[in-house]
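Okay, so here's the structure we're looking at.
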Amino acid sequence: MAHDVLLLYNFFFLSYLRVILPSANDNFEKNEEVLLTEENSCVDVVSSLDLMVVRLCRDSTYCETNACVRKCCGENEAWIEHGCQKLGTQTAKQLQFHRELEKIINSTYHSTQLDILNTTKYGVLVGKHSCPDGMYPVLGNESWHITSRGHIDVPDYKIYEHHEYCMEMLYDTEYYTNGLYPCVCFENNDNPTEVPPLRLGINAALELTSCAFLLVTFLVYVCLPLVQNLHGKTFICHVASLFVAYACLATVALAPPPDAYTNQEDVSQSRYFYKFLGYTMLFAFIACFTWLNVMCFDIWWTFGGLGGAASTGGRKRAQLKRFLIYSAYAWGFALLVTTLAVGADHTDAVARQLRPNIAIDSVWFQQDSNNYGEMIYFIGPISIQLIVNIIFFILTIRHCNRVKAEISRLMTPTTNISCRRFRADRTKLILNIKLFIIMGVSWILEIISYFLNHYATNFTWRAEFFYISDAFNCLQGFLIFILFVLKSKVYYALMHRLGRRQQTNMPASLGGMNLQDPYKVKKSASCSTLTSTYGPINTTPSSF
Numbered sequence: 001m002a003h004d005v006l007l008l009y010n011f012f013f014l015s016y017l018r019v020i021l022p023s024a025n026d027n028f029e030k031n032e033e034v035l036l037t038e039e040n041s042c043v044d045v046v047s048s049l050d051l052m053v054v055r056l057c058r059d060s061t062y063c064e065t066n067a068c069v070r071k072c073c074g075e076n077e078a079w080i081e082h083g084c085q086k087l088g089t090q091t092a093k094q095l096q097f098h099r100e101l102e103k104i105i106n107s108t109y110h111s112t113q114l115d116i117l118n119t120t121k122y123g124v125l126v127g128k129h130s131c132p133d134g135m136y137p138v139l140g141n142e143s144w145h146i147t148s149r150g151h152i153d154v155p156d157y158k159i160y161e162h163h164e165y166c167m168e169m170l171y172d173t174e175y176y177t178n179g180l181y182p183c184v185c186f187e188n189n190d191n192p193t194e195v196p197p198l199r200l201g202i203n204a205a206l207e208l209t210s211c212a213f214l215l216v217t218f219l220v221y222v223c224l225p226l227v228q229n230l231h232g233k234t235f236i237c238h239v240a241s242l243f244v245a246y247a248c249l250a251t252v253a254l255a256p257p258p259d260a261y262t263n264q265e266d267v268s269q270s271r272y273f274y275k276f277l278g279y280t281m282l283f284a285f286i287a288c289f290t291w292l293n294v295m296c297f298d299i300w301w302t303f304g305g306l307g308g309a310a311s312t313g314g315r316k317r318a319q320l321k322r323f324l325i326y327s328a329y330a331w332g333f334a335l336l337v338t339t340l341a342v343g344a345d346h347t348d349a350v351a352r353q354l355r356p357n358i359a360i361d362s363v364w365f366q367q368d369s370n371n372y373g374e375m376i377y378f379i380g381p382i383s384i385q386l387i388v389n390i391i392f393f394i395l396t397i398r399h400c401n402r403v404k405a406e407i408s409r410l411m412t413p414t415t416n417i418s419c420r421r422f423r424a425d426r427t428k429l430i431l432n433i434k435l436f437i438i439m440g441v442s443w444i445l446e447i448i449s450y451f452l453n454h455y456a457t458n459f460t461w462r463a464e465f466f467y468i469s470d471a472f473n474c475l476q477g478f479l480i481f482i483l484f485v486l487k488s489k490v491y492y493a494l495m496h497r498l499g500r501r502q503q504t505n506m507p508a509s510l511g512g513m514n515l516q517d518p519y520k521v522k523k524s525a526s527c528s529t530l531t532s533t534y535g536p537i538n539t540t541p542s543s544f
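Mapping to the numbering used here: the sequence shown position 59 is 59, numbers consecutive.
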């Protein structure tokens with residue numbers, strides 16, 4: 001027989017016995033030779049099958065490479081009324097645990113689940129593990145299955161490992177019919193990854209503040225045609241994406257959690273709502289960083305002169321074409337990542353530890369040391385983009401220095417236009433670097449938070465760090481407002497747009513710039529360089 005145990009020394013008067021055990025996967029090249037002694041084995045008789053069997057005790061390391069299930073009560077025991085009790089000579093009940101377990105395994109044998117126990121060759125861990133907050137049986141009408149490692153998987157909730165559950169036959173209990181139930185641990189209320197209410201309140205206030213400043217920044221750039229060049233349009237898309245992301249974060253902080261509802265239908269609806277928020281937030285953040293990547297590429301392309309010179313009409317068509325390409329890349333990449341995340345969460349073809357598990361234990365990715373979804377679908381792609389941004393900045397700065405040296409060496413009246421274009425592009429480069437620093441610092445804090453949540457939950461200053469990082473991240477909208485809107489040139493252009501030019505005293509630095517109609521202001525060869533149409537003074541233009 002394929003699963004017979006070979007007895008090498010079949011002499012029962014000896015104090016030990018050597019046997020060869022077949023491997024769990026029927027690979028006889030990896031059969032295991034075991035020494036049986038009085039301390040690790042015993043001989044038993046299964047009267048119902050008229051067989052003599054050898055029971056072997058193994059240490060817990062056996063379950064690291066083989067399927068095991070945990071039994072709450074001891075051998076020949078079951079949960080009767082209020083606790084574990086001996087089954088006595090009731091042979092049928094003694095075998096009922098394994099018979100019911102075999103039924104469960106057979107019922108899911110042809111399941112589409114990828115990670116599922118499909119063999120009756122399993123080890124048994126005897127005795128329930130200590131749960132700080134107690135245990136409760138999973139109801140029979142709830143969907144659950146046993147994984148290939150012997151863990152209990154409750155879909156859309158959690159995978160319970162061996163120290164978090166046990167299985168047992170329940171008899172004559174008050175609230176449960178007789179049968180086999182997995183009993184799982186209550187969630188620990190002192191979960192280190194749970195966000196305190198005070199921190200949620202502070203985050204909500206800061207995120208709403210950030211949203212307000214982002215909205216003002218967006219409206220200013222939409223209302224001023226003067227800044228609606230190619231760089232301005234990409235910046236508007238970046239701000240819009242960041243606004244949506246922070247609006248979702250603020251909604252999460254203000255909305256009640258799913259477990260605050262008592263009605264099961266309300267709980268299900270709230271989970272769908274949180275999933276929608278989570279995927280929307282993922283799309284918005286990916287789009288935000290992708291538009292930053294677009295701006296870094298665009299300034300490198302502009303500074304390098306790769307766009308070439310063209311007439312006004314040709315330049316507009318070229319810029320429109322570039323903007324459409326940028327939009328396809330930015331929105332398309334964000335949509336691709338989000339679609340992959342949604343697909344991974346709703347298919348069994350992806351291992352659970354590789355899924356995003358959005359809205360499982362929070363609205364965001366599952367914060368579990370064994371889950372790599374956040375790294376795959378969020379941290380990884382954005383980290384690659386930021387590295388590419390750094391490369392673009394290095395190349396742009398090198399070219400900037402070469403152009404500056406060339407202009408200084410050949411400073412003639414014919415190079416005046418090149419000088420103005422260089423200064424305007426350099427201003428735009430400096431703004432991009434400042435924006436990149438803001439987003440880069442935020443990303444560094446996000447990386448640190450990821451490792452603290454996964455690998456350093458007992459870090460002493462963990463809570464204090466999160467308050468600082470949350471404050472900085474939530475105030476990004478305010479910092480962007482200061483950087484791109486709180487400037488004199490934007491202020492006077494906005495006042496003119498609102499028809500308040502006569503009440504505003506322009507500074508001397510803008511004396512040569514006529515702002516009667518922003519649409520009549522011409523642009524130089526640079527898409528962001530402004531020149532005066534009517535003013536008699538030839539001022540040095542600069543970029544918004």
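In this text, a Cβ means the ideal position worked out from N, Cα and C, and glycines have one as well.
May I ask which residues mark the beginning and end of the alpha helix (DSSP H) holding residue i?
i: Tyr176; result: Where Tyr176 is concerned, there is no enclosing alpha helix (DSSP H), given that its DSSP letter is neither H nor E.
i: Arg70; result: Here Arg70 belongs to no alpha helix (DSSP H); instead the beta strand (DSSP E) covers Cys68 to Lys71.
i: Met495; result: Ser488 to Arg497
i: Pro197; result: Pro197 to Cys223
i: Ile482; result: Gln476 to Phe484
Is residue i helix, strand or coil when you go by DSSP?
i: Ile325; result: helix
i: Phe465; result: helix
i: Lys522; result: Only weak support is given to the placement of Lys522: the predicted model assigns it a pLDDT of 38, under 50, and the value that follows is read from those uncertain coordinates. It is a strand residue.
i: Ala255; result: coil
i: His82; result: coil
i: Ile105; result: helix
i: Tyr567; result: Outside the modelled stretch of the chain, which goes from 1 to 544, sits residue 567, for which no answer is possible.
i: Tyr372; result: coil
i: Glu77; result: strand
i: Cys166; result: strand
i: Leu510; result: With a pLDDT of only 44 at Leu510, under the threshold of 50, the placement of this residue in the model should not be trusted; the figure read from the coordinates follows. Helix, per DSSP.
i: Ile146; result: strand
i: Ser270; result: helix
i: Leu515; result: Per-residue confidence for Leu515 stands at a pLDDT of 40, beneath the threshold of 50, marking its modelled position as unreliable; no derived number is given.
i: Ser383; result: helix
i: Ser130; result: coil
i: Leu35; result: strand
i: Arg398; result: helix
i: Cys185; result: strand
i: Thr504; result: Note that Thr504 scores 47 on pLDDT, short of 50, meaning its location in the model is unreliable; the coordinates nonetheless yield the value given after this. Reduced to three states, the DSSP call for Thr504 is coil.
i: Val239; result: helix
i: Cys57; result: coil
i: Val388; result: helix
i: Val350; result: coil
Counting along the chain, where does the beta strand (DSSP E) carrying residue i start and finish?
i: Ile125; result: A small correction: the amino acid at residue 125 is Leu; Ile does not occupy that position in the sequence shown. Taken as a continuous stretch (DSSP letters only), the beta strand (DSSP E) holding Leu125 covers Gly123 to Val126.
i: Lys158; result: Lys158 to Tyr160
i: Asp153; result: Ile152 to Val154
i: Met135; result: Met135 to Pro137
Flag this pair as yes or no: are the beta carbons of residue i and residue j separated by less than 8 Å?
i: Ile146; j: Ile105; result: yes
i: Val126; j: Glu75; result: yes
i: Thr234; j: Tyr326; result: yes
i: Leu386; j: Trp443; result: yes
i: Glu207; j: Ala250; result: yes
i: Val154; j: Val138; result: yes
i: Pro182; j: Trp144; result: yes
i: Cys166; j: Lys121; result: no
i: Phe289; j: Met439; result: yes
i: Leu56; j: Asn66; result: no
i: Arg271; j: Ala359; result: yes
i: Phe558; j: Phe481; result: A query on residue 558 cannot be resolved here, the shown segment of the chain reaching from 1 to 544 and no further.
i: Ala330; j: Cys237; result: yes
i: Leu445; j: Ser469; result: yes
i: Ser552; j: Cys474; result: With the chain represented from 1 up to 544, any question about residue 552 goes unanswered, as that position is not in the structure.
i: Val220; j: Leu483; result: no
i: Leu282; j: Phe243; result: no
Check whether the Cβ of residue i lies closer than 8 Å to any Cβ atom in chain D.
i: Thr65; result: Checking the listed chains, one finds no chain D in this structure; it contains a single protein chain.
Inspect the CB distances between the stretch 361-377 and the stretch 331-351 and report whether three or more fall short of 8 Å.
yes
Taking contact to mean 3 or more Cβ pairs, one atom from each stretch, closer than 8 Å, check whether the stretch 158-173 and the stretch 217-226 are in contact.
no
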